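Counting along the sequence shown from 1, when you hit position 351 you're at 890 in this note's numbering, and nothing is skipped either side.
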Amino acid sequence: MKVMVVGGGAREHTLVWKLSLSKKVKQIFVAPGNAGTARTAVNLDMSPTNLDAVVRAAKENKIDLVVVGPEAPLAAGLVDKLQSLGILAFGPTKEATLIESSKVFAKQLMHKYGIPCAKDAVFTSFQEAEACVKKQPVPMVIKADGLAAGKGAIVAQSVDEALMALSDIMEKRVFGDAGNQVLVEECLVGRETSLLAFTDGITVVPLVTARDYKRAFDRDVGPNTGGMGCYSPSTFLDKKSRDRAIKTIIEPVVKAMAQEGKSYKGVLYAGLMLTKDGPKVLEFNARFGDPETQVQLPLLKTDLLDIMMAVIDGNLAQTRVEWSEGACVGVVMASGGYPGSYKQGFPITGLDKVDPDILIFHAGTKSDGRKVCTAGGRVLTVVATGKSVAEAREKVYLNLPHINFENCHYRKDIAAEEG
540 MKVMVVGGGA REHTLVWKLS LSKKVKQIFV APGNAGTART AVNLDMSPTN
590 LDAVVRAAKE NKIDLVVVGP EAPLAAGLVD KLQSLGILAF GPTKEATLIE
640 SSKVFAKQLM HKYGIPCAKD AVFTSFQEAE ACVKKQPVPM VIKADGLAAG
690 KGAIVAQSVD EALMALSDIM EKRVFGDAGN QVLVEECLVG RETSLLAFTD
740 GITVVPLVTA RDYKRAFDRD VGPNTGGMGC YSPSTFLDKK SRDRAIKTII
790 EPVVKAMAQE GKSYKGVLYA GLMLTKDGPK VLEFNARFGD PETQVQLPLL
840 KTDLLDIMMA VIDGNLAQTR VEWSEGACVG VVMASGGYPG SYKQGFPITG
890 LDKVDPDILI FHAGTKSDGR KVCTAGGRVL TVVATGKSVA EAREKVYLNL
940 PHINFENCHY RKDIAAEEG
């Protein structure tokens, strides 16, 4: 098969790498890709949200399957457009992607079907939201309704911080139309983890568990980012908690989406808080995680293409999905200043100096044919596998110093016991 992956981050590089291992894949194209994907696939210079260009490229290159990585093209309806032309696509439709693209839709769905989540109030008026915030206990969570590149949820430690977040979203419009509606939520207490599952709209098959680190700096301080590192399997989401989350959250939401006429096919990502009352939903994403994908797919033994085709064909129940026994740790190397402003265009050295079993997944990189340079906030995810989380962690941190670029920043505590 000829496969096209849409997106240009480390998640997409990981998908390209994993799909390239399938004997059933003949050639891979990536739109737009990065310096890493260029080594094993054909990069196509286009925006993932330019749906016409992506569809045209799929037709011109006689693509058999399109795998959509990021949320923006999913929310814009890329899968619908491809399906209408008879091109196979892995990912949810525009209507199904509402589970991520509208926090308000997701919360209303969870309340309607009794899926455990934080208490909340929804506002379209700044003045009404302001009045609510002034009466709420802190900490509280302020969320923009729409897509905000992973930065639309602010955990406010004071009323002043919450009011500033409200003003940024609703008055200054820092997230544009994503801030047309705002949720004010209670702040759930517990341990945060990710649970992802493949689903064909009926059957649910969980991926190996993972724990993501959102905050920019060590000890989970600093602003929220798209993710600074991850490890798999999660050391504190035990089988009992995982099974409970599948029964009370993942399976009910897939069933609820079908009942709402928005059948969900693809990967469903639940960001969870493990509270004293059991797992509760922080958010849903309508696609593979980033950086979760970078540590989950190296542990996948089953051919990823077979799983994707089973999801599309609706026969996931007949597909055996197997995982390795070991562990995987990934650390994101970011540009200094990220998630705020940062400079780019710095040469990256040492990519060929790491141990042979270390995986490097590119995100914000570009190449001029001679050297690879930084071209984004999150630049690389450096990944190691091992028999245990501790072993994989040791390997990745031994190799990180070999890679360098100006103003490089990464967390030193990914997968540490206190993390």
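Positions of the beta carbon are idealized from the N, C-alpha and C atoms, including for glycine.
A quick note: this is a predicted structure, and the numbers were derived from the prediction, not measured.
Self-check item: Presumed contact (8 Å Cβ cut-off) between Thr787 and Val728, rounded CB distance
Solution: That belief does not hold up - the Cβ atoms of Thr787 and Val728 are roughly 18 Å apart, past 8 Å.
Quiz item: So what's Arg712 in DSSP terms, helix, strand or just coil?
Solution: coil
Exercise. Enumerate, from N- to C-terminal direction, the unbroken beta strand (DSSP E) stretches of 3 or more residues contained entirely within the segment 570-627.
Key: 604-607
Self-check item: Phe944 and Thr920 closer than 8 Å at C-beta
Solution: no
Exercise. Taking all protein chains shown into account, decide if Lys819 is buried (16 or more other Cβ within 10 angstroms of its Cβ) or exposed.
Key: buried
Exercise. Could you check the C-alpha separation between Lys673 and Val698 for me, to the nearest Å?
Key: Cα to Cα, Lys673 sits roughly 6 Å from Val698.
Practice problem: Classify Pro878 as helix, strand or coil using the three-state DSSP reduction. | Solution: coil
Quiz item: Mind pulling the alpha helix (DSSP H) runs of 4 or more residues that sit fully within the segment 831-880?
Solution: You should have 831-835 and 843-852.
Quiz item: Using a Cβ-Cβ cut-off of 8 Å (strictly less than) and excluding sequence neighbours within five positions of Thr748, which residues of its own chain qualify?
Solution: Thr732, Ser733, Leu734, Ser771, Pro772, Ser773, Leu776 and Arg781
Quiz prompt | Straight-line Cα distance separating Arg754 from Leu821 | solution = 15 Å
Quiz item: Which residues bound the beta strand (DSSP E) around Pro762?
Solution: Val760 to Asn763
Self-check item: Thr904 (DSSP reduced to helix, strand or coil)
Solution: strand
Quiz item: Does DSSP put Lys819 in a helix, a strand or coil?
Solution: strand
Quiz prompt | Same chain only: Cβ atoms within 8 Å of Ile942, ignoring 5 sequence neighbours per side | solution = Met872, Ile887, Thr888, Gly889, Leu890, Lys892, Val893, Ile899, Leu919 and Val921
Quiz item: What residue does the beta strand (DSSP E) around Arg917 start on, and which one ends it?
Solution: Arg917 to Gly925
Quiz item: Taking Cβ positions, are Glu610 and Asn824 nearer each other than 8 Å?
Solution: In this structure, Glu610 lies near Asn824, with their beta-carbon atoms less than 8 Å apart.
Quiz item: Glu957 by DSSP, collapsed to three states: which one?
Solution: Legend: pLDDT at Glu957 = 44, less than 50; position of this residue unreliable, value from coordinates given subsequently. In this structure, DSSP gives Glu957 a state outside helix and strand, which the three-state scheme calls coil.
Quiz item: Using 8 Å as the Cβ pair cut-off and three pairs as the minimum, do the segment 541-550 and the segment 601-621 touch?
Solution: yes
Exercise. Could you tell me the distance, in whole angstroms, from the CA atom of Leu807 to the CA atom of Ala923?
Key: 25 Å
Practice problem: Ignore the nearest five residues each way along the sequence and tell me which others in Lys633's own chain have a CB closer than 6 Å to its CB. | Solution: Gly616 and Asp619
Quiz item: Between the C-alpha atoms of Thr562 and Gln833, what's the straight-line distance to the nearest angstrom?
Solution: According to the sequence shown, residue 562 is Lys rather than Thr. Rounded to the nearest angstrom, the two C-alpha atoms are 21 Å apart.
Self-check item: Runs of alpha helix (DSSP H) wholly within the segment 624-694 (minimum 4 residues, chain order)
Solution: Entirely contained in the segment 624-694, the alpha helix (DSSP H) runs reaching 4 residues are, in chain order, 637-640, 642-652 and 665-672.
Quiz item: When the Cα atoms are used, what is the spatial distance from Ile953 to Cys769?
Solution: 7 Å
Quiz item: What does DSSP give as the partner residues of His948 in its beta bridges?
Solution: Assignment of beta-bridge partners to His948 by DSSP yields Ala873.
Quiz item: So, is Thr663 buried or exposed, given that buried needs 16 or more other C-beta atoms within 10 angstroms?
Solution: exposed
Exercise. Express the C-alpha separation of Arg950 and Gly903 in angstroms, rounding to a whole number.
Key: 17 Å
Quiz item: Hey, is the segment 647-666 in contact with the segment 710-725, meaning 3+ C-beta pairs nearer than 8 Å?
Solution: For the pair of segments examined, the segment 647-666 was found to touch the segment 710-725: the number of CB pairs separated by less than 8 Å reaches three.
Quiz item: Among Arg909, Met679 and Ala856, which residue has its Cα nearest to the Cα of Gln696?
Solution: Comparing Cα-Cα distances from Gln696 to each of Arg909, Met679 and Ala856, the minimum goes to Met679.
Quiz item: Hey, how far is the Cα of Asn573 from the Cα of Gly915?
Solution: 11 Å
Exercise. List the endpoints of the continuous alpha helix (DSSP H) containing Val564.
Key: That residue, Val564, is in no alpha helix (DSSP H); it is neither H nor E in DSSP.
Quiz prompt | Burial state of Ser880 (16 or more Cβ within 10 Å) | solution = exposed
Exercise. Please say whether Pro762 and Pro878 have beta carbons closer to each other than 8 Å?
Key: yes
Quiz item: Looking at Asp739 and Lys642, is the spacing between their C-beta atoms short of 8 Å?
Solution: no
Practice problem: Give the secondary structure of Ser733 by DSSP, where H, G and I count as helix, E and B as strand, and everything else as coil. | Solution: The answer is strand: DSSP assigns Ser733 an E or B state.
Quiz item: Skipping 5 residues on each side, what residues in its chain have a beta carbon closer than 6 Å to that of Ala849?
Solution: Leu855 and Thr858
Quiz item: Going straight from the alpha carbon of Thr742 to that of Glu710, what length do you get?
Solution: 43 Å
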